[in-house]
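Colleague: After the structure tokens below, expect a handful of questions from me.
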Ligand SMILES: C[S@@+](CC[C@H](N)C(=O)[O-])C[C@H]1O[C@@H](n2cnc3c(N)ncnc32)[C@H](O)[C@@H]1O
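In my numbering, the protein residues as written are 230 to 451.
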């Protein structure tokens with residue numbers, strides 16, 4: 230028996246895992262179909278927001294280890310970072326801790342998730358960390374806005390990530406439980422999808438139960 234059973238993650242059921250994987254594959258292979266499933270995805274996560282942190286052990290070493298390992302490849306430190314599918318904000322908060330000079334934005338399609346994330350930062354007069362309801366397939370920023378884009382347990386919206394990434398900016402996608410994660414994209418698929426948009430692999434690996442992939446956008450043409 231663990232000392233504190235409330236800190237144990239509740240793994241997703243086989244059905245949830247299968248549905249999550251199917252949706253992830255759809256985003257990777259047929260991104261134009263995303264608008265057909267967006268509403269159902271939002272409703273599903275709306276219902277999970279209140280107990281997401283307890284259910285997934287969000288913010289624990291297990292949850293964040295793979296993303297943290299991927300972030301060690303990011304040099305120089307970013308000035309502007311974006312976390313996609315931020316949920317309750319723990320990955321964005323990790324990025325903010327790792328890169329204290331960076332302005333960090335976290336987006337999610339679920340207003341309830343964003344509500345939980347906002348409550349963690351409270352009033353931030355300097356606006357260094359902020360959370361916003363937005364779709365990773367249609368981001369409300371112009372191109373070249375960020376020098377780091379992260380996604381933890383989140384499907385990769387390749388085209389939109391590449392669009393908002395600055396030249397020589399980094400992408401870090403991580404899955405806390407590797408292939409056991411419902412939203413898991415194998416590293417070869419991440420490499421292919423980003424390479425087609427000018428983002429080359431610089432690292433891949435594993436940490437704790439999770440996996441990560443790191444890419445970097447090309448330098449500006451002379
Ligand atoms: C599996 S959860 C992961 C949340 C968080 N990153 C974590 O690891 O705890 C996936 C999150 O992505 C969000 N999401 C899914 N598709 C999205 C999209 N196109 N744009 C923004 N958020 C999205 C969901 O609402 C959900 O909060």
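We treat Cβ as the ideally placed atom computed from N, Cα and C, and that holds for glycine.
1) Does any heavy atom of ligand 1 sit closer than 7 Å to the C-beta of residue 259?
2) For a minimum of 4 consecutive residues, which ranges assigned as the alpha helix (DSSP H) are wholly contained in the segment 355 to 442?
3) According to the Cβ coordinates, are residue 302 and residue 431 closer than 8 Å?
4) Reducing DSSP to helix, strand and coil, say where residue 231 ends up.
5) Just tell me which of 386, 411 and 378 has its CA closest to the CA of residue 400.
6) In the structure shown, what three-state DSSP assignment does residue 444 receive?
7) Less than 8 Å between the CB atoms is what I'm expecting for residue 391 and residue 426, so what's the real figure, rounded?
8) Rounding to the nearest angstrom, what Cα-Cα distance links residue 233 and residue 397 in this structure?
9) Run through DSSP, which three-state label would residue 268 get?
10) Please classify residue 258 as buried or exposed, where buried requires at least 16 neighbouring CB atoms within 10 angstroms.
11) Considering only residues of the same chain and omitting the five flanking positions on each side of residue 413, which have a CB-CB separation below 6 Å?
12) Could you tell me the boundaries of the alpha helix (DSSP H) in which residue 298 lies?
13) When DSSP labels each residue in this structure, what does residue 277 get in the three-state scheme?
14) Around the Cβ of residue 445, are there at least 16 other Cβ atoms within 10 angstroms (buried) or fewer (exposed)?
15) Determine the burial state of residue 265: buried for a count of at least 16 other Cβ atoms within 10 Å of its Cβ, exposed for fewer.
16) Which residues in the same chain as residue 328 place their Cβ atom closer than 7 Å to its Cβ, once the five residues preceding and following it in sequence are excluded?
Modeller: Based on what the coordinates show:
1) Checking the Cβ of residue 259 against ligand 1 gives no.
2) Correct list: 387 to 393 and 416 to 424.
3) yes
4) Low confidence applies to residue 231: its pLDDT is 37, below 50, so where it sits in the model is not reliable enough to give any reading.
5) 378
6) strand
7) 4 Å
8) Interpretation of residue 233 is limited by its pLDDT of 45, a score under 50 that renders its predicted location unreliable; the figure taken from the coordinates is listed afterwards. Roughly 44 Å separates the two Cα atoms.
9) helix
10) exposed
11) Here the set comprises 404.
12) 290 to 300
13) coil
14) buried
15) exposed
16) 306, 307 and 310
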